[in-house]
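Read in order, the letters of the sequence shown are residues 642 to 1106 in my numbering. Written below as structure tokens is the structure these notes are about.
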Amino acid sequence: MSKDQIELSAKDVSAVEKPLDRARLIKAPENFLSKEFISDINKNGLDENRRGFLRKSFMAAAAAGVSTGQAFAGTMPVEGDPAILEKQPWQTTLGKNVATMPYGLPSIFEANVVRRELPGLTRVSAASVAFAPLQSLFGIITPNGLHYERHHQGWYNIDPNMHRLMINGLVKHNRVFTMSDLMRLPSVSRIHFIECGANTAVEWGNSAVPTVQYTHGMLSCCEFTGVPLSVLLEECGADLKKGKYLMAEGSDGSGENRTINMEQIDEIMVAWAMNGEMLRPENGFPLRLVVPGVQGVSWVKWLRRLELGDMPYGTKDESAQYADLMPDGTQRQYTSIQECKSVITTPSGGQQLLDKGFYNVSGMAWSGRGKIRKVDVSFDGGNNWRTARLETPVLSKAITRFNIGWSWDGAPAIIQSRATDETGYVQPAIKTLRDVRGSRGIYHNNSIQSWKIESNGEVSNVQVG
Ligand SMILES: Nc1nc2c(c(=O)[nH]1)N[C@H]1C(S)=C(S)[C@@H](COP(=O)(O)O)O[C@H]1N2
Ligand SMILES: [Mo]
642 MSKDQIELSA KDVSAVEKPL DRARLIKAPE NFLSKEFISD INKNGLDENR RGFLRKSFMA
702 AAAAGVSTGQ AFAGTMPVEG DPAILEKQPW QTTLGKNVAT MPYGLPSIFE ANVVRRELPG
762 LTRVSAASVA FAPLQSLFGI ITPNGLHYER HHQGWYNIDP NMHRLMINGL VKHNRVFTMS
822 DLMRLPSVSR IHFIECGANT AVEWGNSAVP TVQYTHGMLS CCEFTGVPLS VLLEECGADL
882 KKGKYLMAEG SDGSGENRTI NMEQIDEIMV AWAMNGEMLR PENGFPLRLV VPGVQGVSWV
942 KWLRRLELGD MPYGTKDESA QYADLMPDGT QRQYTSIQEC KSVITTPSGG QQLLDKGFYN
1002 VSGMAWSGRG KIRKVDVSFD GGNNWRTARL ETPVLSKAIT RFNIGWSWDG APAIIQSRAT
1062 DETGYVQPAI KTLRDVRGSR GIYHNNSIQS WKIESNGEVS NVQVG
């Protein structure tokens, strides 16, 4: 069994702590909204015109003397509310000095928003996975401290002065670059997602884990800065006629040698920065490969060597891991592109809707083949679909944020999202994927995720169709 194989039992699942990221699900009063209005939102969404309509109905209700203290997304002032009437310490004392926190940290009230290891997934020595808390993220950028982590042999604090990148193979001149050499070259900055090929592997089983952090949290999206691979290869006089494959090697104990198909060369970068600062040690400081659209394992961290060759290298790591064992017994290897996928992150498993009424349903969509064209959302287990609003920017091979208004009537519901990318490819149902892949593979699951909402508002992980 490979290190990435994920095994879960019922016992493990109950041991998984439920993240209490519930405060984000704002209790929205319902009596203010008419039945017709709710059904209109659910059918047609909430656009600018309807927001105007909403304001008008609010004023009409006020004029009619109807109890309207309850605004659309807020609550009625409570008589004697200390949060309004009493002065708080932050109004009556001095604040902290500027330099008390030279490197800024999140509010202490965000202490629950952390990367988590999956109980039940065995940690093999220093090899490990920590999942990003997708349920607590906004927009499309993953903050550096919450980027997921996947190490085959732990992470290191590498001294950048002692770090070298060697380029050899089918090149005129073998070259060695120091970090200072690299950072003098023309650089580019691009926003891209990275997703482990084993992301959502647990869902090949039977909705084994409770939260989106564990179902989809081997996913992040950042702005990377570095030098395009093409610039480096030109420096070395690469033979791009013969050199069709690149072997990337990391400085860690695992080496993580991977063959990369040179068809992707235009977009590949050798990067040192992530979201405006140097890479974090756990994400490859001082240098990592960025291979947009391709599964995380090819994004070799602590990058020390690139070799240009005329055949796939077939290294130990790539023959054993991230290859899909197909029903006919063959292995689908070098399946590197991460196909179009999406997931609703709010509301999602482990959260609870506090009351009936309006909610902003929000999620992420991405495709290794380009831009997201469309995301449809179903609130009835896939019978009816409405198109969600895509937030800008919609970038190629990056996460796209989608939002859609929904008014929950208090009845049990199953919510799902289904993304389509610019090639026209549509994210499949789990059954469709199983019919092709069988039950022996664990990687590359891009199927539709379903969340069940109970009548008490609790949200859990289920599989439908
Ligand atoms: N050198 C090296 N590179 C590596 C790995 C590793 O263990 N060693 N893990 C790979 C895997 S499997 C993934 S999914 C990504 C994870 O990147 P992250 O830890 O920055 O999220 O890095 C890849 N690059
Ligand atoms: Mo991975």
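All residues carry an ideal CB built from backbone N, CA and C; glycine is no exception.
Residues of its chain near residue i, where Cβ-Cβ distance is below 6 Å and the 5 sequence neighbours each way are ignored
| i | result |
| --- | --- |
| E1032 | R1042 |
| M807 | V817, R946 |
| L860 | E836, N840 |
| E864 | S830, I832, N916 |
| V1067 | T1061 |
| L1036 | I832 |
| M967 | R973 |
Buried versus exposed, by CB contacts within 10 Å (16 or more), residue i
| i | result |
| --- | --- |
| L947 | buried |
| P747 | exposed |
| N753 | exposed |
| I725 | exposed |
| G1004 | buried |
| Q729 | exposed |
| P718 | exposed |
| P869 | buried |
| Q1090 | buried |
| A1052 | exposed |
| G990 | buried |
| E844 | buried |
| M742 | exposed |
| P927 | buried |
| E980 | buried |
| L735 | exposed |
| N738 | exposed |
| I1056 | buried |
Of the residues the options, the one placed nearest residue i, counting alpha carbons only
| i | options | result |
| --- | --- | --- |
| S977 | V1018, I1089, G1009, T987 | G1009 |
| S1058 | G1065, P1069, P869 | P1069 |
| Y1084 | P988, R973, I1013 | R973 |
| D996 | S1003, I1040, W1049, G1004 | W1049 |
| H792 | Q1104, D893, W1092, C981 | D893 |
| T900 | G937, K882, G878 | G937 |
| I1045 | D1017, A771, P827, L1074 | D1017 |
| E897 | E959, K883, H804 | E959 |
| Q1142 | N1102, K1038, K1015, T733 | With the chain covering only 642 through 1106, there is no way to say anything about residue 1142. |
| W1026 | P827, V1035, L949, K1015 | K1015 |
| S1088 | I1094, S1096, V1077 | V1077 |
| E1099 | V1002, T866, P723, L994 | L994 |
| I637 | K942, Y963, T956, F779 | Past the boundaries of the shown model lies residue 637; the chain is included only from 642 to 1106, so the question cannot be answered. |
Ligand 1 heavy atom lying under 7 Å from the CB of residue i
| i | result |
| --- | --- |
| N798 | no |
| M859 | yes |
| K942 | yes |
| D965 | no |
| E908 | no |
| Q794 | yes |
| I985 | no |
| I978 | no |
| E1063 | no |
| I1040 | no |
| G934 | no |
| I1045 | no |
| E923 | yes |
| S848 | no |
| E948 | no |
| G786 | no |
| I609 | Nothing can be reported for residue 609: it is not among the residues displayed for the chain, which extend from 642 to 1106. |
| G867 | no |
| D594 | With the chain covering only 642 through 1106, there is no way to say anything about residue 594. |
| S1048 | no |
| S895 | yes |
| G891 | yes |
beta-carbon residue i near ligand 4 non-hydrogen atom, thresh 7 Å
| i | result |
| --- | --- |
| R791 | Among the ligands in the structure shown, ligand 4 does not appear; only ligand 1 and ligand 2 can be found there. |
Residue i CB to nearest heavy atom of ligand 2 below 7 Å
| i | result |
| --- | --- |
| A839 | yes |
| V938 | yes |
Residues near residue i in its chain [Cβ-Cβ closer than 8 Å; skip 5 each side]
| i | result |
| --- | --- |
| N847 | Q1104 |
| A773 | R756, T783, L787, H788, Y789, Q854, G858, M859, L860, S861 |
| S769 | E758, E790, R791, H792, G795 |
| V805 | A small correction: the amino acid at residue 805 is Arg; Val does not occupy that position in the sequence shown. Excluding positions up to five away in sequence, the list reads V817, F818, T819, R945. |
| S939 | A889, R899, I901, L930, V932, S977 |
Close-in-space but distant-in-sequence residues of the same chain around residue i (CB under 7 Å, 5 per side omitted)
| i | result |
| --- | --- |
| A767 | H792, Q794, G795 |
| N802 | none |
The stretch 916-935 contacting the stretch 823-833, beta-carbon criterion three pairs below 8 Å: yes
Three or more C-beta pairs below 8 Å linking the stretch 844-862 and the stretch 984-998: Taking 8 Å as the limit for Cβ pairs, the verdict is that the stretch 984-998 does touch the stretch 844-862.
Cβ contact check for the stretch 918-926 and the stretch 872-882: 3 or more pairs under 8 Å: no
Stretch-stretch touch, CB-based, cutoff 8 Å, three pairs: the stretch 775-787 with the stretch 907-918: Segments in contact, yes.
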